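Novice: One structure, as structure tokens, below. Some questions next.
2 protein chains.
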Amino acid sequence: MKLLVEQSALAHALAQTTRAVSPQNALPVLAGVELSARDNSLHLYATDLTTALEAELPAEVVEPGQIVLPAGPLTDLVHRLPTALVSIESEGATRATLRYGRNQATLNGYGEERLPEFAQLARDQAMAVRLPAGALADVTRQVLFACARDETRPLLRGAVMELGEGRLVWAATDGSRLSQVWWPLPDHLETPARWVWPAKAVQEAARLAGSEEEPTIWLSPHLVQLAVGAFRLTSRLLEGQYPEYQRVIPQQYLVQCHVELAALRGAVERVGLIAQRDRTTSLRIVHEPGMLEISAVSQDLGHAVETVECRSEGQSLDILFNPHFIMDVLKSLTGEEIVVEFAGTQSPARFREASGSTYQHILLPLRQLV
Amino acid sequence: MKLLVEQSALAHALAQTTRAVSPQNALPVLAGVELSARDNSLHLYATDLTTALEAELPAEVVEPGQIVLPAGPLTDLVHRLPTALVSIESEGATRATLRYGRNQATLNGYGEERLPEFAQLARDQAMAVRLPAGALADVTRQVLFACARDETRPLLRGAVMELGEGRLVWAATDGSRLSQVWWPLPDHLETPARWVWPAKAVQEAARLAGSEEEPTIWLSPHLVQLAVGAFRLTSRLLEGQYPEYQRVIPQQYLVQCHVELAALRGAVERVGLIAQRDRTTSLRIVHEPGMLEISAVSQDLGHAVETVECRSEGQSLDILFNPHFIMDVLKSLTGEEIVVEFAGTQSPARFREASGSTYQHILLPLRQLV
Numbered sequence: 059m060k061l062l063v064e065q066s067a068l069a070h071a072l073a074q075t076t077r078a079v080s081p082q083n084a085l086p087v088l089a090g091v092e093l094s095a096r097d098n099s100l101h102l103y104a105t106d107l108t109t110a111l112e113a114e115l116p117a118e119v120v121e122p123g124q125i126v127l128p129a130g131p132l133t134d135l136v137h138r139l140p141t142a143l144v145s146i147e148s149e150g151a152t153r154a155t156l157r158y159g160r161n162q163a164t165l166n167g168y169g170e171e172r173l174p175e176f177a178q179l180a181r182d183q184a185m186a187v188r189l190p191a192g193a194l195a196d197v198t199r200q201v202l203f204a205c206a207r208d209e210t211r212p213l214l215r216g217a218v219m220e221l222g223e224g225r226l227v228w229a230a231t232d233g234s235r236l237s238q239v240w241w242p243l244p245d246h247l248e249t250p251a252r253w254v255w256p257a258k259a260v261q262e263a264a265r266l267a268g269s270e271e272e273p274t275i276w277l278s279p280h281l282v283q284l285a286v287g288a289f290r291l292t293s294r295l296l297e298g299q300y301p302e303y304q305r306v307i308p309q310q311y312l313v314q315c316h317v318e319l320a321a322l323r324g325a326v327e328r329v330g331l332i333a334q335r336d337r338t339t340s341l342r343i344v345h346e347p348g349m350l351e352i353s354a355v356s357q358d359l360g361h362a363v364e365t366v367e368c369r370s371e372g373q374s375l376d377i378l379f380n381p382h383f384i385m386d387v388l389k390s391l392t393g394e395e396i397v398v399e400f401a402g403t404q405s406p407a408r409f410r411e412a413s414g415s416t417y418q419h420i421l422l423p424l425r426q427l428v
Numbered sequence: 059m060k061l062l063v064e065q066s067a068l069a070h071a072l073a074q075t076t077r078a079v080s081p082q083n084a085l086p087v088l089a090g091v092e093l094s095a096r097d098n099s100l101h102l103y104a105t106d107l108t109t110a111l112e113a114e115l116p117a118e119v120v121e122p123g124q125i126v127l128p129a130g131p132l133t134d135l136v137h138r139l140p141t142a143l144v145s146i147e148s149e150g151a152t153r154a155t156l157r158y159g160r161n162q163a164t165l166n167g168y169g170e171e172r173l174p175e176f177a178q179l180a181r182d183q184a185m186a187v188r189l190p191a192g193a194l195a196d197v198t199r200q201v202l203f204a205c206a207r208d209e210t211r212p213l214l215r216g217a218v219m220e221l222g223e224g225r226l227v228w229a230a231t232d233g234s235r236l237s238q239v240w241w242p243l244p245d246h247l248e249t250p251a252r253w254v255w256p257a258k259a260v261q262e263a264a265r266l267a268g269s270e271e272e273p274t275i276w277l278s279p280h281l282v283q284l285a286v287g288a289f290r291l292t293s294r295l296l297e298g299q300y301p302e303y304q305r306v307i308p309q310q311y312l313v314q315c316h317v318e319l320a321a322l323r324g325a326v327e328r329v330g331l332i333a334q335r336d337r338t339t340s341l342r343i344v345h346e347p348g349m350l351e352i353s354a355v356s357q358d359l360g361h362a363v364e365t366v367e368c369r370s371e372g373q374s375l376d377i378l379f380n381p382h383f384i385m386d387v388l389k390s391l392t393g394e395e396i397v398v399e400f401a402g403t404q405s406p407a408r409f410r411e412a413s414g415s416t417y418q419h420i421l422l423p424l425r426q427l428v
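In order, the protein sequences belong to chains A and B. Using the numbering used here, the letters of the first sequence map in sequence onto residues 59 to 428. Using the numbering used here, the letters of the second sequence map in sequence onto residues 59 to 428.
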């Protein structure tokens, strides 16, 4: 392989594609990025076996070929090269030499080891969906934090995307909280369908989509693909029956409070300082008409109590939450005013923006024995 | 204790003083900050037993008294308070309640445990020295990185300050490198004297001095003190005989190179990428008249070689350095051009700025058996 490529284009393409590389690799070669030179372009490919990122950039190819090079060192080096052009020349798959001006660096490759080929998505047999502008960014911000972190239910580590009934819906749940966001999307599917994306695939897709107006994704039963400019993300979808989470969303609430977001967030943040230091401490919310009282008691640290005014309807109520989870949802909300609804001391509560939002978060309270 | 204080002043004072608290504490109470209310002021005090930071801020004291509160939670909480005024009321040394508007938080204190009293510096028996503007900041940037990190020679973990012969000199060495910076300071001492500051004391003093024109420090044989506005730092000095480091500075050099700093730094940074991944790899510098060749070979990763033009005098030479140490000194230098001097393959090299600098760095090469 021998080629000449622009330093800035290569640095950018490496920075984007090598994000697919996982810090923990089952195989050494998965720490690598594959460079393939053919026709007048250089193709980059990196994967963690679940998600693949690829880039295609113009290059003057003198001799076609390919090699896998260590992703981190190559990206760091190319990022720091001082010249406008870089030549890359490989000796088989053993090593490649980068020449820049009169200087050079040689990186060892992985020899005969190749990056595993990633499953191909046949676009002509896949479904194309134009996503609403900013949808992937919203999902990243408002939905992904509710994904499960542990491995006990792998499917819950992903976010579910649903199409049908004139809507696009994204949701994620870890079993004790649920985030859901939706958009009208009239042109699709009479029978609803679901796809569970790995959280990392959503993040990387949102990053690739960037400010792209209405990015198109292709969906097959097992794969999803997004292409933006010279970059392409392909990800396996998670397999299995995602739980019917809609059933946990209360249909009726006993209490509805309209409350200023900044005031509630400030109170929860301060009282949470007491609660969060002590892993056993919960955040208590007491509703009295026109008022929410936020409090926490920590054996070690002390206690705090704040009141926040609200416009509310419904009964008095005393309910306990995980302080981290409450902060997470308050950070994911925007706007001046939010609506907090309680369905009872042991029933899920709902948080949403007051003005025409299509985002809601359902949070299970902590159990109270007495 | 009962008092009323401005939130912004208290938040700032806590942020400054609680920097004295060490993350690892021998005694639980050392994680605390002491609040003492007397007359019309609130006094804050925190220490790691080596360095103490204090602040004095105006307060409306209703009832004098004092209490030690956990530094981290108190600082975090006060930083987030929404009101202009905060009242603090303690119940003995057991706990204190902060009230802000109609809300409140109570933090547990350390009971009868008190912060150890810090040695007092008697200013009338101490020597006052007006430091040149920016001196402490320069020492932080150009000298402290050469301090030892390990515990084998505790004195080398500090920086030595010398007064005498019309100069103020600061230096630090870890045994394989030495940084030294000096200023003319005509008014002091006929017999030279030395004080070894803990590195943390220099850092905190530089931070306190900030943009203060010519900060005054007070020196006793065992203590140093700096006061800026409402803040005061007092630190123990390190005891012992600091090595006579001047003897390791070569008086004569075989090679002198004038080289563009940015060009050399770029080359060392790129070649260093190869060397730094592999802890056994060194950075090789070869001098030929008019040229420095920088190279590294890593068994695992590959190899790199760059040349940098220079104006040089002296013989050809081949010398090995620790790649991290070379990068450290190149980061500490400023200006367009630097001077690099070699005294031989096994002798210390010197790095300094080309134009009228009073900073120099001496770096011992790695040994070469063959």
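Note that beta-carbon positions come from the ideal geometry of N, C-alpha and C, so glycine has one too. Treat the numbers as computed from the prediction; the structure is a model and nothing was measured.
1) Determine the burial state of G90(B): buried for a count of at least 16 other Cβ atoms within 10 Å of its Cβ, exposed for fewer.
2) Going by DSSP, what residue range makes up the beta strand (DSSP E) through Q405(A)?
3) Identify, in the order they occur along the chain, each residue of the same chain with its Cβ nearer than 7 Å to the Cβ of A257(B), setting aside the five sequence neighbours on each side.
4) Could you list which residues in chain A have their beta carbon closer than 8 Å to that of T164(B), in chain order?
5) From which residue to which residue does the alpha helix (DSSP H) around Q334(B) run?
6) Helix, strand or coil, according to DSSP, for T133(B) in the structure here?
7) Quickly, what does DSSP pair N166(B) with across the bridge? List them, please.
8) Please return the same chain residues whose Cβ sits closer than 6 Å to the Cβ of E399(B), not counting the five positions on each side in sequence.
9) Whose C-beta lies closer than 7 Å to the C-beta of A142(B) among residues of the same chain, with five residues either side of it excluded?
10) Mind pulling the beta strand (DSSP E) runs of 3 or more residues that sit fully within the segment 81 to 142 of chain B?
11) Taking only the alpha-carbon atoms, compute the straight-line gap between A184(A) and W276(A) and give it to the nearest angstrom.
12) Nearest-angstrom Cα distance between E272(B) and V286(B)?
13) In three-state DSSP terms, what is D473(A)?
14) Buried or exposed for G360(A), please, with buried defined as at least 16 other CB atoms from any protein chain shown within 10 angstroms of its CB.
15) Counting along the chain, where does the beta strand (DSSP E) carrying F289(A) start and finish?
16) Going along chain B, which residues have a C-beta under 8 Å from G324(A)?
17) Just reading off the beta strand (DSSP E) that T274(B) is part of, what are its end residues?
18) When you compare each of R337(B), V317(B), D336(B), L341(B) to E327(B) by their alpha carbons, which one comes out closest?
19) At the level of alpha carbons, what is the spacing between A110(A) and S293(A)?
20) Below 8 Å between beta carbons: does that hold for R323(B) and L388(B)?
21) Among the residues of its own chain, which have a CB less than 7 Å from the CB of I125(A), if the five just before and after it don't count?
22) If we call anything under 8 Å between Cβ atoms a contact, is T249(B) one with L173(B)?
23) Beta carbons nearer than 8 Å to chain A: which residues of the segment 310 to 336 of chain B have them?
24) Along the segment 146 to 171 of chain B, where does the CB come closer than 7 Å to a CB of chain A? Name the residues.
25) Do the CB positions of L135(A) and A95(A) come within less than 8 Å of each other?
26) Which residues in chain B sit within 7 Å of L135(A), going by Cβ to Cβ distance?
27) Using a Cβ cut-off of 8 Å (strictly closer), state whether T365(B) contacts chain A.
28) Cβ-heavy atom distance between V387(A) and the ligand ZN below 7 Å?
29) For chain B, check one thing: does any of its Cβ atoms lie closer than 8 Å to the Cβ of P381(A)?
30) If we cut at 8 Å on Cβ distances, does P347(A) have a partner in chain B?
31) Taking only beta-carbon atoms, is P86(B) less than 8 Å away from chain A?
32) Given that a residue counts as buried once 16 or more other Cβ atoms are within 10 Å of its Cβ, and exposed if not, what is T133(A)?
33) So, is N98(A) buried or exposed, given that buried needs 16 or more other C-beta atoms within 10 angstroms?
34) Given L295(A), which residues of its chain have a CB within under 7 Å of its CB, disregarding the five upstream and five downstream residues?
35) Can you list, in chain order, the residues of its chain with a C-beta nearer than 8 Å to that of A177(A)? Leave out the 5 residues immediately preceding and following it.
36) Using the beta-carbon of each residue, which ones in chain A are nearer than 8 Å to P128(B)?
Specialist: Short version:
1) Start at 1 with the first residue of the second sequence, and residue 90(B) comes out as number 32. Classification of G90(B): buried, given that the 10 Å Cβ count is 16 or more.
2) Here the question's residue 405(A) lines up with position 347 in the first sequence. Note on identity: in this sequence residue 405(A) is Ser, with Gln being the wrong assignment. It is not in any beta strand (DSSP E) - S405(A) carries neither H nor E in the DSSP assignment.
3) Indexing the second sequence from 1 puts residue 257(B) at position 199. Hits under 7 Å: L202, C205, R215, G216, A217.
4) If you number the second sequence from 1, residue 164(B) lands on position 106. Chain A residues near T164(B): G360, H361, A362.
5) In the second sequence, residue 334(B) corresponds to position 276, counting from 1. Where Q334(B) is concerned, the enclosing alpha helix (DSSP H) stretches over 319 to 334.
6) Your numbering for residue 133(B) matches position 75 in the second sequence. Note: T133(B) maps to helix in three-state DSSP.
7) Within the second sequence, numbered from 1, the residue matching residue 166(B) stands at position 108. According to DSSP, N166(B) bridges with R153(B).
8) Within the second sequence, numbered from 1, the residue matching residue 399(B) stands at position 341. Scanning its chain for C-beta atoms nearer than 6 Å, with the 5 sequence neighbours on each side dropped, one finds around E399(B) the residues Y311, Q314, R408, in chain order.
9) As a first step, residue 142(B) must be located in the second sequence, where it is residue number 84. E64, Q65, listed in sequence order.
10) 90 to 96, 99 to 105, 109 to 116, 118 to 121, 123 to 128
11) Indexing the first sequence from 1 puts residue 184(A) at position 126. Indexing the first sequence from 1 puts residue 276(A) at position 218. Rounded to the nearest angstrom, the two C-alpha atoms are 6 Å apart.
12) Here residue 272(B) refers to the residue found at position 214 when the second sequence is read from its first residue. Here residue 286(B) refers to the residue found at position 228 when the second sequence is read from its first residue. For E272(B) and V286(B), the distance between alpha carbons rounds to 11 Å.
13) Not covered by the structure: residue 473(A). The range shown for chain A is 59 to 428.
14) Against the first sequence, residue 360(A) aligns to sequence position 302. Classification for G360(A): buried.
15) Translated into the one-based positions of the first sequence, residue 289(A) becomes position 231. Run containing F289(A): 289 to 294, per the beta strand (DSSP E) assignment.
16) Within the first sequence, the letter at position 266 stands for residue 324(A). Within chain B, the residues near G324(A) are R138, P140.
17) By one-based count along the second sequence, residue 274(B) stands at place 216. Per DSSP, T274(B) belongs to the beta strand (DSSP E) from 274 to 277.
18) The sequence position of residue 327(B) within the second sequence is 269, counting from 1. Considering only alpha carbons, the answer is L341(B).
19) Here residue 110(A) refers to the residue found at position 52 when the first sequence is read from its first residue. Here residue 293(A) refers to the residue found at position 235 when the first sequence is read from its first residue. Approximately 6 Å between the Cα atoms of the pair.
20) Your numbering for residue 323(B) matches position 265 in the second sequence. Your numbering for residue 388(B) matches position 330 in the second sequence. Their beta carbons are under 8 Å apart, which means R323(B) touches L388(B) by this criterion.
21) On the first sequence, position 67 is the one that residue 125(A) refers to. Here the set comprises M59, L93, S148, A151, A154, G167.
22) Translated into the one-based positions of the second sequence, residue 249(B) becomes position 191. Translated into the one-based positions of the second sequence, residue 173(B) becomes position 115. Contact: no.
23) G324, A325, E327, R328, V329, L331, I332, R335
24) Correct list: R153, R160, N161, Q162, A163, T164, L165, N166.
25) For the purposes of this step, residue 135(A) is taken as the residue at position 77 of the first sequence. For the purposes of this step, residue 95(A) is taken as the residue at position 37 of the first sequence. For L135(A) and A95(A), no; Cβs fall outside 8 Å.
26) Position 77 of the first sequence, counted from the start, is the residue given in the question as residue 135(A). Those within 7 Å of L135(A) in chain B are R328, L331.
27) Stepping through the second sequence from its first residue, residue 365(B) is reached at position 307. Yes - at least one Cβ of chain A is within 8 Å of the one on T365(B).
28) With respect to the ligand ZN, the structure offers nothing, as it holds no ligand at all.
29) Working through the first sequence from its first residue, we reach residue 381(A) at position 323. P381(A) is outside the set of residues whose beta carbon lies under 8 Å from a beta carbon in chain B.
30) Sequence index remark: in the first sequence, residue 347(A) carries index 289 (1-based). No, P347(A) lies away from the interface with chain B (no Cβ there is under 8 Å from its Cβ).
31) Counting from 1 along the second sequence, the entry for residue 86(B) is found at position 28. So no, P86(B) is outside the interface.
32) Residue numbering aside, residue 133(A) sits at position 75 when the first sequence is read from its first letter. Its Cβ being crowded by 16 or more others within 10 Å, T133(A) is buried.
33) Numbered from 1 along the first sequence, position 40 holds the residue referred to as residue 98(A). Burial call: exposed.
34) Working through the first sequence from its first residue, we reach residue 295(A) at position 237. Only W253, V254, W255, H280, L281, V282 meet the Cβ criterion.
35) On the first sequence, position 119 is the one that residue 177(A) refers to. Excluding its 5 nearest sequence neighbours in each direction, A177(A) has C-beta neighbours in its own chain below 8 Å: H280, L281, T292, R294, listed in chain order.
36) For the purposes of this step, residue 128(B) is taken as the residue at position 70 of the second sequence. Result: L359.
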